[in-house]
Amino acid sequence: MDEFNASKPIYLQLADRIHRQIVSGELKAGEKLPSIRDMGIKYSMNPNTVQRAYSELERGGILEARRGQGTFVSEQRDRLAQQRVKLKQEQIAEFVHVMQEMGYSAAEILAGVEQYLNSAQKGDK
Amino acid sequence: MIQMTNVTKEYAKNTAIKDISLTVPTGRIIGIVGGNGSGKSTLLKLIAGLAQPTSGSVTVNGEKANRRTGQFAAYSSESGIYYPIFTVREAIRFQASQFPDFNLAKADEIMKLMQLDPHMKIKALSKGNRGRLQIMLTLAREAPYILLDEPLSGLDPMVRDAIVKGMISYVDLSTQTLIMTSHEVTEIETLIDGFIALKDGSLHRMADVEELHEVEGLRIADWMKKTYD
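From first to last, the protein sequence lines stand for chains A and B.
Quick note: the first sequence uses this note's numbering, first residue 1039, plus one each step.
Quick note: the second sequence uses this note's numbering, first residue 294, plus one each step.
See below:
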């Protein structure tokens, strides 16, 4: 429960989480997802909520329900690639929005991001 | 479907439930929440047909709720633990003899999941294991309504988690509806579809959890703190 917050419907938070796992490659194209019940057990979550999250991602073409077999990550790789771009843009838009609200200019944001990534890279080595 | 129309329940000295009207659709998990003495357990007993309203009506699937419609409902009381000299296995057999909808195979499966020893006497069980036993005996019934009074109360986090997972595993929402009272609103937040909030015996609010999140951006606990003072 701690992992979910009240600012957004829980089914959308679960959908986002699955979506991110697909974008990161943790869940691969064509891979079978846990059954609704098993997913519910994993997160102590109402099966109706899990069903809504799956339906949401099916509507977006990210998941596919196959009759009698379960729910799978879509094999339409172009679709997944599109989604990868979309998720990136959403995250950037959110970040930029917050930064602009606090009064940072585009140049400051860009420079800040670049500096951050450079030092993060050095930290990796 | 459960329908309550202008239900009032008076006991000798106090009014436990005051003029409540509501409808609970099937296939959902509903939490009854509210402070101590707000009428949660009484409301559940009225639905179970174990208490009769002083005025107003309670129907379960269109029939007046009474001991007979109780067969549609697997009810688990807050205090109730059966016969202390029974073993776990004997308690299962006894429950099976009382309720035609009791599924022995399911009971066995839940017993294993809950790691209960069938040969243990009930009086020798820890409080946590009694909680597990009680949930097992209730969830093994294939009744259209599962009614649980404070199933998580007074149990440690591991037992609470096992019980929540048991509910998700063994309640089939395509054929069953689960209604429970609980103090542990944070714990049940992702588990329930909707909640019935009582205040001093009156209906304070009935809503979907997602509605509370979406419209007000609040968890149930936050909403209660805000509106119960």
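A virtual CB, placed ideally from N, CA and C, is assigned to each residue, including glycine.
Following the DSSP letters along the chain, one finds Val1123/A in no beta strand (DSSP E) but inside the alpha helix (DSSP H) bounded by residues 1115–1139.
In the DSSP annotation of this structure, Glu1094/A is not part of any beta strand (DSSP E); the continuous alpha helix (DSSP H) holding it starts and ends at 1085–1097. With 16 or more other Cβ atoms inside 10 Å of its own Cβ, Leu441/B counts as buried. Here the stretch 450–457 of chain B makes no contact with the stretch 313–323 of chain B; the two share fewer than three CB pairs at distances below 8 Å. Relative to the Cα of Glu402/B, the nearest Cα in the group Ser419/B, Lys416/B, His412/B, Leu430/B belongs to Leu430/B. For Ile485/B, the three-state secondary structure derived from DSSP is coil. Counted as a single uninterrupted DSSP element, the stretch harbouring Gln391/B is not any beta strand (DSSP E) but the alpha helix (DSSP H) occupying residues 381–391.
Residue pairing by DSSP places Arg1104/A opposite Gly1108/A in a beta bridge.
Residue contact with chain B for Thr1087/A: present (Cβ-Cβ distance below 8 Å to some residue of chain B).
For a Cβ distance threshold of 7 Å, residue set Pro1085, Asn1086 of chain A lies close to Leu466/B, ordered along the chain.
Residue range 308–317 is occupied by the beta strand (DSSP E) that includes Ile310/B. Annotation: Lys1124/A to Asp1054/A spans about 12 Å, alpha carbon to alpha carbon.
Annotation for Gly421/B: Leu448, Asp449, Val452 place their beta carbon closer than 7 Å to its own, counting only its chain and skipping 5 residues before and after. Interface annotation for the stretch 497–517 of chain B against chain A: Val502, Glu503, Leu505, His506, Glu507, Gly510, Leu511, Arg512, Asp515, criterion Cβ-Cβ distance under 8 Å. Given a length threshold of 3 residues, each whole run of the beta strand (DSSP E) inside the stretch 406–483 of chain B is given here in chain order: 438–442, 470–474. Using beta-carbon distances, Ser462/B counts as an interface residue toward chain A, with a partner under 8 Å.
At the C-beta level, Asp465/B and Gly487/B stay beyond 8 Å of one another. For His1057/A, the enclosing alpha helix (DSSP H) covers residues 1048–1061. In the assembly as shown, Glu509/B is an exposed residue. Its beta-carbon has fewer than 16 other beta-carbons within 10 Å. Within chain B, the residues whose beta carbon sits less than 9 Å from that of Tyr1081/A are Thr483, listed in sequence order.
Under the three-state reduction of DSSP, Glu1041/A is assigned to coil, being neither helix nor strand. Exposed is the label assigned to Pro377/B, since fewer than 16 other Cβ atoms lie within 10 Å of its Cβ. For the stretch 304–322 of chain B, the set of positions with a beta-carbon nearer than 8 Å to some beta-carbon of chain A reads Gly320, Arg321, Ile322 in chain order. CA-CA distance, Ser1143/A to Leu1095/A, rounds to 35 Å. For a Cβ distance threshold of 9 Å, nothing in chain A lies close to Lys357/B: the least Cβ distance comes to about 29 Å. For Ser334/B, the enclosing alpha helix (DSSP H) begins and ends at 333–341.
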